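This report concerns only the one structure given below.
Protein chains: 2
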Amino acid sequence: METMRWESDTLVLLDQTRLPLELKYIYCRDHHQVAEAIRNLRVRGAPAIGVAAAYGLVLGVDAARCSTRREFLERAREVAGELALTRPTAVNLSWALRRMLDRLENAPESDPGALRGILLAEAHAIFVEDLETNRAIGRFGQELIPSGARILTHCNAGALATAGYGTALGVVRAATAAGKKVSVFASETRPLLQGARLTTWEMLQEKIPVTLIADNMAASLMARGGVDLVIVGADRIAANGDVANKIGTYGLAVLAEAHGLPFYVAAPLSTVDFSLAEGGQIPIEERDPAEVTHLAGRSVAPPGVRVWNPAFDVTPARLVTAVITERGVAYPPYGESLARLCK
Amino acid sequence: METMRWESDTLVLLDQTRLPLELKYIYCRDHHQVAEAIRNLRVRGAPAIGVAAAYGLVLGVDAARCSTRREFLERAREVAGELALTRPTAVNLSWALRRMLDRLENAPESDPGALRGILLAEAHAIFVEDLETNRAIGRFGQELIPSGARILTHCNAGALATAGYGTALGVVRAATAAGKKVSVFASETRPLLQGARLTTWEMLQEKIPVTLIADNMAASLMARGGVDLVIVGADRIAANGDVANKIGTYGLAVLAEAHGLPFYVAAPLSTVDFSLAEGGQIPIEERDPAEVTHLAGRSVAPPGVRVWNPAFDVTPARLVTAVITERGVAYPPYGESLARLCK
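Chains as they are written, first to last, in this note's numbering: chain A, 550 to 892; chain B, 550 to 892.
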C-alpha cells in the first residue's frame, strides 16, 4: 500500500475516501486535480497534503509554456497560491509550498526546463524526508511506550496521513517492531470516520491488534482502566505547544488528564508554526454540514437542521505530556523545547 | 406526534428507527412484537420502554386461554420475564413490570377477564403518570435554567423517550414555555444517532433553536464558551446517585466539570434503583458490532475488525450537579436526597 507515488510525470494518489472497501488510485496530471483531491480529502493528513501539494506545484507549472525564468517563477507563485487555499488548518501545506518556492527563488538557473527539474527534485526530497522523519519519530516515540501498552489514537496519523509509516501510528509500528506487543484502540472519528476506515485498516494490515470504538466510548474505556496512553498526530502546533488536530482531540486530552493518562502528540517539526504565539491564532476549518447530516449518501438528520462542523480543535499545551518529533521528544515548557529542537 | 398509544387492543408504536425520514407506526398485537420493538430500539428511552412493556404484558396474557386466576398469574409472570430480558440497563423496564405484577397479585378478583382489565388499567396508569411525571420534572427543572441558556443534551431524553413531553427535553420545553428563549445543542449520539435523528426532530417541531454536532465536538464547543449547561436523561440511577445513561454521557460529565459547567440529570424516581449501592453494579448492555461498523446498511470499517460497543456508561455522582425528579431537585449527597424524595 502506498499513499502516493510519482510516476511518468503523474502524481498517483490512493483515494482515501474509498477506503477500506475499495483500493482505488487516482492519477493527477495537473494541479487542479491535486487541489480537488486535497479539498475533498482523497489525500489527507498534514504531512501527506504537504507532499501532495509539492508535487501539485510541479504539475501546475508547464515549463514548455514559460519562456523565461521570470514567467516560470510567476506561474509557480500563482499555482502555489491556489494549492495553499485548499485547506486552512494544516501548516505543512504552506510549509511545503514555501520550501518549494524558496528553492526556486534561490536557484541560479534561468532555463524553465531546468527550473522544473529543480522543483521536482525538491518535491522528491520532501517526500523522502517525510518518510525518514516518520521513522525517526517512531524511534524516539517508541521509547515512551511501555511493553503491552493499550494505546488510544484518534483519526488517522498513519502511513496514509504521511508519505508513509506515519506519525502517531509510526510510534505504534516502531513499538511493535521493538517487540513490545502493544494494542490499539481506534476512535472512529466522526464525521468522516478516518479512525474506522483508515486506522483500523492500517493496523489490520500490520497485524497489530486493533479495536474500533465510537468517539463517545473513549471516556468509559478509560474509566474501566482499558487505556494506558493516548497518542495523536497534529495539523499545526503553535510556538507555545498548543496543538491543532482533528476535532475530538481536545476532548480526549481532557479525558486523559482526568484519568491520569499520558497524552502524546507525534508530529514532524514542519508542523510547528513559530509565527503563531498560541493555539487561539490557528485557523480552524469548518466544513460542509452534509458531512454530519449524511452518511453513505443517506440523510440521518431532519432536512434543514443547523449544524456546527469544525474539522479541528485546539488542545492547550498544558494537556500535552510530550511532543514527539524527528529530532527528539519535547517536554514542557514547549516554547523553549520546541525552539531548541528546531535550531 | 405520539410515541405510543393504545387503540383497539393494540399497542401502536412510532417506529423510531425510521425517524426522521419516515413517520411510520407499528401495530403490536402480541408481546413478542413488543419485545422485538424494544430489543431493536423501535421504542427506546428508559421511561418509554417501561410503558411499552406494561402494555406488552397486557397483550401477552390472553384471558380467554386462562380458566383460573392461578393460570392467569402464571402466564403473566412468564410474559413479564420474557419482556424483562429484552434490555438490561434501564431499570424502568423491570420497575413497570414489577408494578404490573404487584397490582395483579394484590387484586382479589378471580375472573381472568377482570384481571386483564386490571392489568390494562395499570398500564394506562403508568402511561398517564409518566406524562404527569415529565411535566413535573419540567417544572422543577426549568427553575435551574437561566434565560437564554445554551443547553447541550445527549441522545434523546425527549417525548420520544417517554410517554410524552420528555425528561431532559421536558425541562427544555418547560423553560421555553416560561419564555426563557433557550437553545439546544444536540450531540448526534453514535452509534445509533438518536441525537441527530430524534432530538433535532423534536426541537424543530417545537421551533426551539437546535444545532447538531458530532459527539467529539462537544469539548471544543465548551472551550469556546458555547455551552452554559448540560442536561441528560438516565437509564438507571444507583442509590448513591451514580447515573447510567447513553454511552458518551460520562465523557460529557467530565468535560462539563473541566469547563465549570453544571451537569444535570432529569429522570423520574422510577429510574432510581435503591437495590444497587453504586453505579459499578449496573449491568451495561453491549450491542452488535455492526451498529458501529455499518451505517445505513453500508460498511464503513474493514470486515472483521474487533469492536467494543457498550450502549451505556456510568457517570459517578460526584460529577452530577443535581438530579431533577418529579418530586423536586435532589442535590449531593444523593444517598440522602434521593431517598428523601422517595419517601
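Glycine included, every Cβ here is placed at the ideal spot set by N, Cα and C.
If you're wondering where the values come from, they're calculated on a predicted model, not measured in any experiment.
Cβ-based neighbour list, residue i, same chain, cut-off 7 Å, excluding 5 preceding and 5 following
i: B:Leu549; result: No answer is possible for residue 549 of chain B: the residues shown for chain B start at 550 and end at 892.
i: B:Thr870; result: Pro811, Phe812, Tyr813
i: B:Pro740; result: Glu840, Val841, Asn858
i: B:Leu818; result: Thr874, Glu875, Arg876, Leu890, Cys891
CA nearest to the CA of residue i, picked from the options
i: A:Glu678; options: A:Gly828, A:Val600, A:Leu801; result: A:Val600
i: B:Arg836; options: B:Trp857, B:Asp822, B:Phe823; result: B:Trp857
i: A:Val733; options: A:Val779, A:Asn765, A:Ala763; result: A:Val779
i: B:Thr716; options: B:Pro695, B:Asp862, B:Gln691, B:Ser736; result: B:Gln691
i: B:Ser848; options: A:Asp791, A:Glu571, A:Met553, A:Thr552; result: A:Glu571
i: A:Phe823; options: A:Arg578, A:Arg889, A:Lys756, A:Glu585; result: A:Arg889
i: B:Arg554; options: B:Ala708, B:Cys615, B:Thr566; result: B:Ala708
i: B:Ile796; options: B:Gly790, B:Glu834, B:Arg619, B:Leu804; result: B:Glu834
i: A:Ala512; options: A:Gly666, A:Val561, A:Ala663, A:Cys704; result: With chain A covering only 550 through 892, there is no way to say anything about residue 512 of chain A.
i: A:Ile694; options: A:Leu563, A:Arg855, A:Ala815; result: A:Ala815
i: A:Asn789; options: A:Glu755, A:Leu844, A:Pro881; result: A:Pro881
i: B:Ala723; options: B:Gly662, B:Asn683, B:Ala612; result: B:Asn683
i: A:Asn765; options: B:Lys756, B:Asp784, B:Tyr799; result: B:Tyr799
i: A:Leu825; options: A:Val863, A:Glu755, A:Gly846, A:Leu844; result: A:Val863
i: B:Gln565; options: B:Asp558, B:Thr559, B:Glu551, B:Glu556; result: B:Glu551
i: B:Leu804; options: B:Leu770, B:Ser819, B:Leu653; result: B:Leu770
i: B:Phe676; options: B:Gly713, B:Arg688, B:Ser659, B:Arg652; result: B:Gly713
i: A:Ile831; options: A:Val640, A:Pro758, A:Lys756; result: A:Val640
Residue i in three-state terms, based on DSSP
i: B:Val731; result: coil
i: A:Leu572; result: coil
i: A:Ala888; result: helix
i: A:Ile492; result: Since the displayed chain A opens at 550 and closes at 892, residue 492 of chain A lies outside it and no answer follows.
i: B:Leu650; result: helix
i: B:Tyr714; result: coil
i: B:Gly846; result: coil
i: B:Ala706; result: coil
i: B:Ile598; result: helix
i: B:Val561; result: strand
i: A:Thr566; result: coil
i: B:Thr725; result: helix
i: A:Ser696; result: coil
Closer than 7 Å at the beta carbon, the chain A residues around residue i
i: B:Gly797; result: Asn765
i: B:Ser769; result: Ile796, Tyr799, Pro859, Asp862
i: B:Arg847; result: Ala845
Partners in chain B for residue i, counting only beta-carbon separations shorter than 7 Å
i: A:Trp750; result: Pro851
i: A:Val731; result: Going along chain B, no residue has its Cβ under 7 Å from A:Val731, so there is no contact; the nearest lies around 15 Å.
i: A:Ala805; result: The contacting residues do not exist; A:Ala805 stays about 10 Å from chain B at best.
Same chain, Cβ closer than 6 Å to residue i, five either side skipped, listed in chain order
i: A:Pro569; result: Arg746, Trp750
i: B:Gly697; result: Lys730
i: A:Ala672; result: Ala603, Tyr604, Val607
i: A:Ala783; result: Val792, Asn794, Val814, Ala816, Thr820
Beta-carbon neighbours of residue i, restricted to chain A and to distances below 9 Å
i: B:Thr760; result: Val854, Arg855, Val856, Trp857
Residue i: contacting residues in chain B (beta-carbon distance under 9 Å)
i: A:His626; result: The identity of residue 626 of chain A in the sequence shown is Arg, whereas the question assumes His. Under the 9 Å cutoff, chain B gives no residues; its nearest Cβ is about 35 Å from A:Arg626.
i: A:Gly739; result: At residue 739 of chain A the sequence reads Arg, which differs from the Gly that was named. Within chain B, the residues near A:Arg739 are Glu737, Arg739, Ala763, Asp764, Asn765, Met766.
Endpoints, alpha helix (DSSP H) assigned at residue i
i: B:Gly666; result: 661-691
i: A:Trp750; result: 749-754
i: A:Tyr799; result: 798-807
i: A:Leu632; result: 618-633
i: A:Met771; result: 767-772
i: A:Thr820; result: Note, A:Thr820: premise wrong, no alpha helix (DSSP H); not H, not E.
i: A:Thr842; result: 839-842
i: B:Val610; result: Careful: B:Val610 lies outside any alpha helix (DSSP H) and carries neither H nor E.
Unbroken beta strand (DSSP E) run spanning residue i, endpoints
i: A:Gly877; result: 877-879
i: B:Asn794; result: 792-795
i: B:Val854; result: Run containing B:Val854: none; DSSP gives neither H nor E here.
i: A:Arg554; result: 553-556
i: B:Ser583; result: The sequence as given places Val at residue 583 of chain B; Ser does not occur at that position. Run containing B:Val583: none in the beta strand (DSSP E); it sits in the alpha helix (DSSP H), 580-588.
i: A:Val781; result: 778-781
i: A:Ile786; result: 785-787
i: B:Thr498; result: Not covered by the structure: residue 498 of chain B. The range shown for chain B is 550 to 892.
Residues near residue i by beta carbon distance below 8 Å, same chain, minus five either side
i: A:Thr702; result: Ala717, Leu718, Val721, Val733, Phe734, Ala735, Ser736, Gly744, Thr748, Val779, Ile780, Val781
i: B:Val628; result: His580, Gly605, Leu606, Gly609, Val610
i: A:Leu642; result: Ile587, Ala595, Ile598, Gly599, Ala602, Leu632, Ala633, Thr635, Arg636
Contact test: residue i Cβ vs the ligand GDP heavy atom, cutoff 7 Å
i: A:Ile667; result: This structure lacks the ligand GDP, and indeed carries no ligand of any kind.
Within chain B, the residues that residue i reaches when beta carbons sit closer than 8 Å
i: A:Val776; result: Neighbours of A:Val776 on chain B: none; closest Cβ ~11 Å, over 8 Å.
i: A:Ala549; result: Since the first residue shown for chain A is 550 and the last is 892, residue 549 of chain A is missing from the structure and cannot be characterised.
i: A:Val721; result: Residues of chain B passing the Cβ test: none, with the nearest at roughly 16 Å.
i: A:Leu753; result: Pro851, Gly853, Val854
Contact list for residue i against chain A, beta-carbon separation under 8 Å
i: B:Val841; result: Glu737, Ala745, Leu761, Ile762, Ala763
- Message: Tell me which residues of the stretch 554-570 of chain A have at least one Cβ-Cβ distance to chain C shorter than 7 Å, keeping chain order.
- Response: No chain C is part of this structure, whose protein chains are labelled A and B.
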